Amino acid sequence: MPTDSPLRPYLEDCQRRVEAALAQRLPAPSVPPTRLHEAMRYALLGAGKRVRPVLVYATGQALGASLESLDAPACAVEMIHAYSLVHDDLPAMDDDDLRRGRPTCHRAYDEATAILVGDALQTLAFQVLCGDADDGGTPATRLAMIRTLAAASGSRGMAGGQALDLDAVGRDLSLAELEQLHIHKTGALIRASVRLGTLAAPAADPGAVRSLDRYGKCIGLAFQIRDDILDVEGDPALIGKTRGKDAVHNKPTYPALLGLAGARDKCAVLLAEAESCLAGLGERAEPLRWLADYIVARSH
């Protein structure tokens, strides 16, 4: 990201806020079982772009929600994301040695601990959504957030997308099949991040909420396509993981199906559609515009 990007200070402010909020909600490493709690903090803190919690903050603020009301959903969605990465890196899945520029959780600890880390982070996410007493949320709002995150995480969302991804190895998928895979595997949680932000503003205009949901769908698909591109041409020192894993595992990707130029063109189309969804929100939606630009141009 260029040093003069308008997104940089906003992103850094949100990252600092969610990092502090996550650290507060995690068990201390001195609390038994100490190894598990230490590994949970290793997997969740101190690394990552925090795109999903930043989307929660940016969406909610665009609709007038307070930062305090957005902390819990921002933490919850990042906990779900972190759990998915820990499990995705396991030998039974992608068998990766690096994540976010450092050893994956099962390499830093062991496979059994990594499985438990994922399990514990997943359940903690829903505990967080249930319980923040100072966020101003109503029981109905909390329930809607829990329902949204659960649907995005389960068999019809992220976990289902991972199952489709495993089933697709070595197969030739159509463009429509690949889009469905990506929409579930990565897009569902990004779209849910936007939805969580709208739920923190229950008085928001329904038309704006629908437009933001479409925005979330577009950038969720664009995010995964950009990941596909970076797996081909990204710098391992920047992307923080081994390059070329998709080709090694014979996974279907947008560059494999459309070529690099075609994949970039698809990202550009999705970016234009995402930006059109923000037209009615004015200056309040500037961070969401910056985030969409960042997602399709990022180097890691």
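Quick note on numbering that gives the first Met the number 0: the sequence shown kicks off at 0 and runs consecutively. Built from N, CA and C at the ideal position, the CB exists for glycine as well. Quick caveat: nothing in here was measured; it's all calculated off a predicted structure.
| query | result |
| --- | --- |
| Straight-line gap, arginine 51 to valine 295 (C-alpha atoms, nearest Å) | 15 angstroms |
| Between the CA atoms of arginine 283 and aspartate 204 - distance to the nearest angstrom | 14 angstroms |
| Endpoints, alpha helix (DSSP H) assigned at arginine 209 | 205-232 |
| Per-residue DSSP class, three states only, for arginine 155 | coil |
| For leucine 97, the three-state DSSP class (helix, strand or coil) | strand |
| Cutoff 7 angstroms; reference arginine 40; Cβ partners in own chain excluding five residues on either side | Leu25, Pro28 |
| Where proline 102 falls: helix, strand or coil (DSSP) | strand |
| Alpha-carbon spacing of serine 4 relative to leucine 269, whole angstroms | 21 angstroms |
| Segment limits, alpha helix (DSSP H) that includes tyrosine 41 | 33-43 |
| DSSP state of alanine 191 mapped onto helix, strand, coil | helix |
| CB of valine 193 within 8 angstroms of CB of leucine 172, strictly | no |
| Residues near valine 17 by beta carbon distance below 7 angstroms, same chain, minus five either side | Arg49, Pro52, Ala73, Cys74, Glu77 |
| Cβ pair count under 8 angstroms reaching 3, the segment 217-234 against the segment 260-274 | yes |
| Neighbour-count burial assignment, alanine 19, 16 or more Cβ in a 10 Å radius | exposed |
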